[in-house]
Each structure stands twice: as C-alpha cells, then as structure tokens.
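What follows is one structure encoded as structure tokens, with my remarks underneath.
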Amino acid sequence: MPDLLTHVLVAYAVGGVAVRWTDAPDRNLPLLLVGAAAPDAMKASVLLDVPVGTAFGIPYSMWGLHTLGGVVVLSGAGALTLSAGERRSGFGVLVCGGLSHLVLDLFVVRVDGVAPPYLFPVSGWLPPAANLYASTDLWTIPVAVALALPVWVVRRRSRSASASDQTA
119 MPDLLTHVLV AYAVGGVAVR WTDAPDRNLP LLLVGAAAPD AMKASVLLDV PVGTAFGIPY
179 SMWGLHTLGG VVVLSGAGAL TLSAGERRSG FGVLVCGGLS HLVLDLFVVR VDGVAPPYLF
239 PVSGWLPPAA NLYASTDLWT IPVAVALALP VWVVRRRSRS ASASDQTA
C-alpha cells in the first residue's frame, strides 16, 4: 500500500519539523504517525471481508472511519489508551495525524472529480478532487521519502549532538 506509507512518511516529516521548532514533546511524534494511518482502518473491512450490512436494524459501513467524524472517534479511542494526563494532548495529536491523511487524500484521482464527504458529519459537501495521484501510484513513495529523510537526518544529528553534550 504505497498510499499508507506515503501518509506515514509525510506525517513524520511534518511532525518532525513541528517537534523541532515548537515546544511539542518528542513522544507525540509516534502518535501523529498512528493518527495518519488511522483513517485507513476502513480498508481492513476489505481485507477481512467484513460485510456492510445492518446491526440492530441500523445500516453501517466502515467508510465512515475515513471521514472527519471517523478521525475524531478513532482518535478518542486511541486517546483512551493513554494515561489520564496525556489524553487531551494525545487526542489532539491523533486528530492532527488523521487530518493530514484526509488532506493528502484530497489529491487522489477520483473518477467523478469530487472527493468523498470527508467533513461528515459536519457537512455533506463533496470537495473537488485534485486528481494528482492514484492511491496505487508508486512515485509517491520517493517523494515522501525525500520529505522525511532530511527530517530524520536532522533529528538524528541533533539527538546525537545533545547526547554528546550531556556526556561531556
């Protein structure tokens, strides 16, 4: 899934820069990566052959996980796994990761030219799709690596420099 790897690498690049230039703690970066991958949890329904149907007479679909409402619900569930003092900030970081996923998905090629209703349940608006890449395009991986690799190198160098300062 080149699309999923691209989401995680771009989130790493953005999160690494944010951690470097703000007072955000380093421990939030893995949460951001999990948040960036979370909306694709709906693809598990395809892999696991989960039927779309009804439960207690209420129709459901896993597609709702790939919307703003799904990001909020998944982030809330993820935040519950954190300690009580970390839940609020962890929820925000998970939501930011999920939002980065939805923003990148606006650029996916769509046959009808419009993106899915990512703002659901706030709005049913169908934003125009930028039609830049297909989710199976492999060229997105080198681009994402080109964004993430310099961030990783700078983070690694600054970490090794601070470690050598502490031992001296």
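When you line the sequence shown up against the working numbering, it's residues 119 to 286, in that order. For each residue, glycine too, the CB sits at the ideal point set by N, CA and C.
Assigned secondary structure, residue i (DSSP; H/G/I helix, E/B strand, else coil)
i	result
Pro-234	coil
Tyr-251	strand
Pro-148	helix
Pro-157	helix
Pro-260	helix
Val-226	strand
Pro-246	strand
Pro-268	helix
Straight-line Cα distance separating residue j from residue i
i	j	result
Ala-266	Ala-129	8 Å
Ser-178	Thr-140	The identity of residue 178 in the sequence shown is Tyr, whereas the question assumes Ser. For Tyr-178 and Thr-140, the distance between alpha carbons rounds to 40 Å.
Arg-275	Arg-145	18 Å
Exposure of residue i, with buried meaning 16 or more beta-carbon neighbours within 10 Å
i	result
Phe-174	exposed
Gly-188	buried
Gly-134	buried
Ser-282	exposed
Thr-185	buried
Residue-level contact to chain D via CB, residue i, 8 Å cutoff
i	result
Ser-218	No chain D is present in this structure, which holds just one protein chain.
First and last residue of the uninterrupted alpha helix (DSSP H) at residue i
i	result
Ala-162	162-165
Asp-121	120-139
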